[in-house]
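**Q**
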Amino acid sequence: MVHLYFYPVGDEHYLLVAVVALALLGLLAIGPGASRVDRRRRWILAALRGASILAVLFVMLRPTLVYTTKTPLAASVLVLLDLTRSMTVPDEVNGQTRYEAMQQTLNDSRDAVKKLSERFNVKAYGFDRVVRPLEVSDGKIALPATPEGRETAIGQSLDTVLRQEAGERILGVFLLSDGAQRALPPNDLLPQQAANQMRSRGEPLWTLRVGLSKGLGQARDLAVKQLMANDQVFVNNEMTIRGRVRIDGFANKPVSVRLLFETSPDKLVPVAIQEITAKQDSEEVPFEFQYAPDQPGEHKLTVEVMEQPGELVATNNRVSTFVNVLKGGLRVLYLDCFPPRVEQNFLRRALDASPDIHVDSFLINPQHKAETRPSDLAERLKPGQYEVYILGDLDSTAFEPDELKDLSTAVSRGAGLIMLGGFHSFSPGGYAETPLAEVLPVATNRLQRQPFDSPPRTDAHIGGPVRMVPTKISQGHFTVLLSRDLEKNRALWAALPPLEGANKFGELKGLASVLAESEKKEPLLVAHPYDRGRVMAFAGDSTWRWQMQGHATEYKRFWRQVVLWLARKDQSQEGNVWIELPERQFQRGRRVEFSVGVMAPTGELVNDGTGEAILILPDGSQEKVELAQIRGQLGGSIRETSQTGDYTLETTVSQAGAVLGTARARFVVIEQDLELDNASADAGVMESLAAMTGGKSLAPEELPQALEQLGVQGESLVETSEVKQNLWDTWPLLLTLVGLLGLEWYLRKRWGLV
Numbered sequence: 030m031v032h033l034y035f036y037p038v039g040d041e042h043y044l045l046v047a048v049v050a051l052a053l054l055g056l057l058a059i060g061p062g063a064s065r066v067d068r069r070r071r072w073i074l075a076a077l078r079g080a081s082i083l084a085v086l087f088v089m090l091r092p093t094l095v096y097t098t099k100t101p102l103a104a105s106v107l108v109l110l111d112l113t114r115s116m117t118v119p120d121e122v123n124g125q126t127r128y129e130a131m132q133q134t135l136n137d138s139r140d141a142v143k144k145l146s147e148r149f150n151v152k153a154y155g156f157d158r159v160v161r162p163l164e165v166s167d168g169k170i171a172l173p174a175t176p177e178g179r180e181t182a183i184g185q186s187l188d189t190v191l192r193q194e195a196g197e198r199i200l201g202v203f204l205l206s207d208g209a210q211r212a213l214p215p216n217d218l219l220p221q222q223a224a225n226q227m228r229s230r231g232e233p234l235w236t237l238r239v240g241l242s243k244g245l246g247q248a249r250d251l252a253v254k255q256l257m258a259n260d261q262v263f264v265n266n267e268m269t270i271r272g273r274v275r276i277d278g279f280a281n282k283p284v285s286v287r288l289l290f291e292t293s294p295d296k297l298v299p300v301a302i303q304e305i306t307a308k309q310d311s312e313e314v315p316f317e318f319q320y321a322p323d324q325p326g327e328h329k330l331t332v333e334v335m336e337q338p339g340e341l342v343a344t345n346n347r348v349s350t351f352v353n354v355l356k357g358g359l360r361v362l363y364l365d366c367f368p369p370r371v372e373q374n375f376l377r378r379a380l381d382a383s384p385d386i387h388v389d390s391f392l393i394n395p396q397h398k399a400e401t402r403p404s405d406l407a408e409r410l411k412p413g414q415y416e417v418y419i420l421g422d423l424d425s426t427a428f429e430p431d432e433l434k435d436l437s438t439a440v441s442r443g444a445g446l447i448m449l450g451g452f453h454s455f456s457p458g459g460y461a462e463t464p465l466a467e468v469l470p471v472a473t474n475r476l477q478r479q480p481f482d483s484p485p486r487t488d489a490h491i492g493g494p495v496r497m498v499p500t501k502i503s504q505g506h507f508t509v510l511l512s513r514d515l516e517k518n519r520a521l522w523a524a525l526p527p528l529e530g531a532n533k534f535g536e537l538k539g540l541a542s543v544l545a546e547s548e549k550k551e552p553l554l555v556a557h558p559y560d561r562g563r564v565m566a567f568a569g570d571s572t573w574r575w576q577m578q579g580h581a582t583e584y585k586r587f588w589r590q591v592v593l594w595l596a597r598k599d600q601s602q603e604g605n606v607w608i609e610l611p612e613r614q615f616q617r618g619r620r621v622e623f624s625v626g627v628m629a630p631t632g633e634l635v636n637d638g639t640g641e642a643i644l645i646l647p648d649g650s651q652e653k654v655e656l657a658q659i660r661g662q663l664g665g666s667i668r669e670t671s672q673t674g675d676y677t678l679e680t681t682v683s684q685a686g687a688v689l690g691t692a693r694a695r696f697v698v699i700e701q702d703l704e705l706d707n708a709s710a711d712a713g714v715m716e717s718l719a720a721m722t723g724g725k726s727l728a729p730e731e732l733p734q735a736l737e738q739l740g741v742q743g744e745s746l747v748e749t750s751e752v753k754q755n756l757w758d759t760w761p762l763l764l765t766l767v768g769l770l771g772l773e774w775y776l777r778k779r780w781g782l783v
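Reading the sequence shown from the start, the letters are residues 30 to 783 in our numbering.
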């Protein structure tokens with residue numbers, strides 16, 4: 030296209046040109062008179078001068094030819110198609126699968142794609158965990174026969190395509206999917222992050238969702254969604270297994286849930302079964318089992334919901350974990366008053382922190398025994414039930430006479446017993462007239478009986494603060510040894526906060542030893558043997574202050590060593606080693622991090638141990654796993670779990686060349702179908718992605734029209750170029766002007782006019 034433009038000298042209103050034109054036209058009137066030259070010659074001279082004036086005015090107008098060229102710009106339209114297994118769910122109109130609905134949408138849009146391809150570069154990509162290009166020919170996008178992808182990485186796929194097309198102009202992006210991202214690391218980039226990139230680059234995203242958001246539609250599926258069980262339990266102790274089952278397509282129909290337990294290597298046996306019923310689709314129904322394992326060791330535990338006809342996928346019907354069944358762990362019965370004291374809470378948690386000590390704790394109100402006593406208390410106090418008994422501030426009336434007789438018999442046969450200080454323990458608790466009077470290492474006095482709801486007796490208690498100090502003859506005793514270094518041990522005891530008060534002990538028994546006393550030499554911790562058992566009397570009830578004021582390590586060690594001494598475990602040189610896993614069930618391919626805990630026989634955590642670990646894979650092959658100190662604790666990492674099945678991790682830990690112990694832990698790797706385990710579509714994600722980028726969320730039938738509109742919008746995508754040709758600043762015009770002026774001068778001279 031060609032246009033002629035004028036750029037007059039002076040201003041765009043031609044004022045200067047007009048003034049000059051008038052002035053120059055006036056020159057036409059100035060010429061030789063009629064007496065000097067004939068009429069023909071005057072016309073010749075006037076014509077030459079007029080031509081010169083026109084040339085000057087032409088130059089002042091500065092005419093320019095402008096050649097305008099418009100070139101269509103290249104641009105791409107991207108189409109991303111979901112090729113994952115969730116697209117096989119038949120929840121579209123007339124029982125179509127999502128994939129069939131997407132294929133139908135693309136077929137209906139074939140003419141629009143073909144027309145758009147004539148002007149723009151239409152590129153199609155299929156995606157699951159990765160992105161792959163698809164052929165586009167004659168408006169048809171070549172799709173695979175069935176979608177087989179096992180992960181939907183929407184964010185990662187968008188990001189990958191945008192990187193590949195970084196140097197191209199993007200007219201728009203169309204995303205056809207059910208909208209639900211189901212991807213594992215490192216492919217779990219959030220779709221919103223990719224949408225933010227598109228927004229900053231001005232590239233709109235149109236989303237087309239297929240599938241229903243409310244559930245699996247016509248699909249039917251049962252899935253164990255949650256399993257909770259104790260990591261460890263003692264032999265013959267009842268454990269509780271809880272969880273939830275999501276039920277789709279089987280509303281108001283009973284389904285069976287089984288508990289399977291590993292009774293021998295690789296042999297799972299059903300040990301319990303129950304029926305559950307969902308009242309509506311997609312409901313998560315809870316289940317609960319009780320089971321008491323009778324064999325020590327690490328056992329696999331599986332909860333399975335029985336497969337039903339027509340289920341979409343069965344791999345999510347069972348979930349497994351592992352339980353460590355302990356044998357020979359110290360069983361401790363701790364009885365205290367109700368409401369609970371501060372000491373009771375801290376002491377119970379301190380002992381529970383030791384993996385080899387199991388505490389059963391009960392709170393009893395002696396004035397309301399019927400409501401607070403455990404129904405099987407009499408059985409628990411019989412010989413052989415527990416290795417150690419702890420009696421807190423519990424009045425003797427909480428027991429029946431035969432129960433305390435059984436307890437004294439249990440101690441005589443080797444059990445340990447400790448009574449703690451309180452307003453209703455020892456003499457104030459009425460134990461002077463019970464079978465325990467003979468068992469305790471301190472004498473009791475029936476005259477010091479403390480009535481309920483009366484002020485504490487001053488003759489039976491020591492007012493605080495009371496600092497607890499090991500006696501000189503007992504500084505090396507196992508129970509008061511907070512450090513192997515005796516100087517450091519004395520310093521640790523000196524740093525502990527004093528007790529708030531204590532019981533005042535009477536006369537000591539003949540074989541009793543005072544292990545700790547007050548600064549006034551008042552006995553605080555007394556021990557003696559009773560037949561085959563060991564017994565302690567502790568006057569305090571406020572050692573919890575040690576932990577509250579920054580001495581948690583000393584607090585736990587003291588009480589652990591008290592229990593070990595009472596159970597005659599103080600000479601054991603065997604440490605404790607255990608493996609900590611974040612969970613016991615992993616997806617295939619996941620990285621598994623673990624740590625190794627190490628505890629010395631004294632109860633101290635070992636921070637300078639070394640070790641080695643072996644991983645036994647499901648196929649029986651073995652791999653060495655490196656262990657390293659990470660923030661003061663041994664740990665390691667299993668980089669890849671490519672096989673499905675049970676893995677076994679074994680480790681041995683040493684310190685200064687001495688073996689502290691070994692540990693073994695198992696975990697299971699499963700091939701979970703992420704796509705079909707919860708195949709609900711997610712309309713919210715698709716709508717939000719479109720809104721973030723300035724695009725639009727469309728129904729599938731709107732795709733052809735959207736493609737046509739995009740093509741119309743793209744017509745304005747052109748590059749305009751202009752070429753200017755100057756008509757006044759040229760040498761022919763200059764020669765013409767000079768020629769006209771020269772010819773006029775020549776004729777005037779020849780005709781004698783100059």
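For every residue, glycine included, the Cβ atom is placed at its ideal position computed from N, Cα and C.
Note that the structure is predicted; figures quoted are calculated from it, not measured.
Quick one: what does DSSP say residue 382 is sitting in, helix, strand or coil?
**A** Looking at residue 382 - three-state DSSP - the assignment turns out to be coil, as it is neither helix nor strand.
**Q** Answer yes or no: the CB of residue 639 versus the heavy atoms of the ligand SAH, is any distance below 6 Å?
**A** Questions concerning the ligand SAH fall outside what the structure shown contains, since it holds no ligand whatsoever.
**Q** For residue 114, which option in 772, 105 and 126 has the closest C-alpha, if you only look at C-alpha atoms?
**A** 126
**Q** When burial is assigned at 16 or more other CB atoms within 10 Å of the CB, is residue 34 buried or exposed?
**A** By the 10 Å Cβ count, residue 34 comes out exposed.
**Q** By a C-beta neighbour count over all protein chains shown, 10 Å radius and 16 as the cutoff for buried, is residue 470 buried or exposed?
**A** That one is buried.
**Q** Quick check on the burial criterion: 16 or more other C-beta atoms within 10 angstroms. Buried or exposed for residue 482?
**A** exposed
**Q** Roughly how far, in whole angstroms, is the beta-carbon of residue 203 from the beta-carbon of residue 108, given that I think they are within contact range, below 8 Å?
**A** 5 Å
**Q** Between which residues of its own chain and residue 788 is the CB-CB distance below 7 Å, once the five residues before and five after are set aside?
**A** Examination of residue 788 is not possible in this model, given that the chain is present from 30 through 783 alone.
**Q** In whole angstroms, give me the CA-to-CA distance for residue 729 and residue 210.
**A** 19 Å
**Q** Between which two residues does the beta strand (DSSP E) containing residue 640 stretch?
**A** 639-645
**Q** Assuming residue 302 contacts residue 286 (C-beta within less than 8 Å), just tell me the rounded distance between them.
**A** Between residue 286 and residue 302 the Cβ distance is about 7 Å, and since that is below 8 Å, they are a contact.
**Q** According to DSSP, residue 565 sits in a beta bridge with which residue or residues?
**A** 447 and 556
**Q** Measuring alpha carbon to alpha carbon, tell me which of 337, 170 and 613 ends up nearest residue 251.
**A** 337
**Q** Which stretch, first to last residue, makes up the beta strand (DSSP E) that contains residue 100?
**A** 92-101
**Q** Helix, strand or coil, according to DSSP, for residue 441 in the structure here?
**A** helix
**Q** With a threshold of 7 Å between beta carbons, is residue 417 in contact with chain D?
**A** As a matter of chain content, chain D is missing from the structure shown, which is built from one protein chain.
**Q** Looking at the strands, I want to know which residues DSSP matches up with residue 726.
**A** 236
**Q** Starting from residue 504 and walking both ways along the beta strand (DSSP E), at which residues does that stretch end?
**A** No beta strand (DSSP E) holds residue 504; DSSP gives it neither H nor E.
**Q** So what's residue 418 in DSSP terms, helix, strand or just coil?
**A** Secondary structure at residue 418: strand, using DSSP grouped into helix, strand and coil.
**Q** For a quick check, are the C-beta atoms of residue 621 and residue 682 less than 7 Å apart?
**A** no
**Q** With DSSP run on the structure shown, which of helix, strand or coil describes residue 255?
**A** Strand.
**Q** With DSSP as the reference, label residue 120 as helix, strand or coil.
**A** coil
**Q** Relative to the C-alpha of residue 536, which candidate in 351, 474 and 569 has its C-alpha closest?
**A** 474
**Q** Measuring only the C-alpha atoms, how far is residue 68 from residue 47?
**A** 29 Å
**Q** What's the gap between the Cα of residue 544 and the Cα of residue 509?
**A** The alpha-carbon atoms of residue 544 and residue 509 are separated by roughly 7 Å.
**Q** Going by C-alpha to C-alpha distance, which of 437, 772, 783 and 779 sits closest to residue 78?
**A** It is 772.
**Q** Can you tell me the Cα-Cα spacing of residue 290 and residue 409, whole angstroms?
**A** 27 Å
**Q** Rounding to the nearest angstrom, what Cα-Cα distance links residue 362 and residue 325 in this structure?
**A** 21 Å
**Q** Which one of 371, 480 and 697 has the shortest CA to CA distance from residue 424?
**A** 480
**Q** Where does the unbroken alpha helix (DSSP H) through residue 227 begin, and where does it stop?
**A** 220-230
**Q** So, at 7 Å on beta carbons, what are the nonlocal neighbours of residue 770 in its own chain, with the 5 sequence-adjacent residues on each side left out?
**A** 81
**Q** Would you be able to state if there are at least three C-beta pairs under 8 Å between the stretch 94-110 and the stretch 672-690?
**A** no
**Q** Take residue 220 and list the residues in its own chain whose beta-carbon comes closer than 8 Å to its own, dropping the five residues that flank it on each side.
**A** Contacts found: 183, 184, 187, 210, 714 and 718.
**Q** Work out the CA separation of residue 353 and residue 268 for me, nearest whole Å.
**A** 11 Å
**Q** Count the other CB atoms within 10 Å of the CB of residue 387; is the residue buried (16 or more) or exposed (fewer)?
**A** buried
**Q** Among residues of its own chain, excluding the 5 on either side of residue 592, which ones have a beta-carbon nearer than 7 Å to its beta-carbon?
**A** 359, 361, 380, 386 and 417
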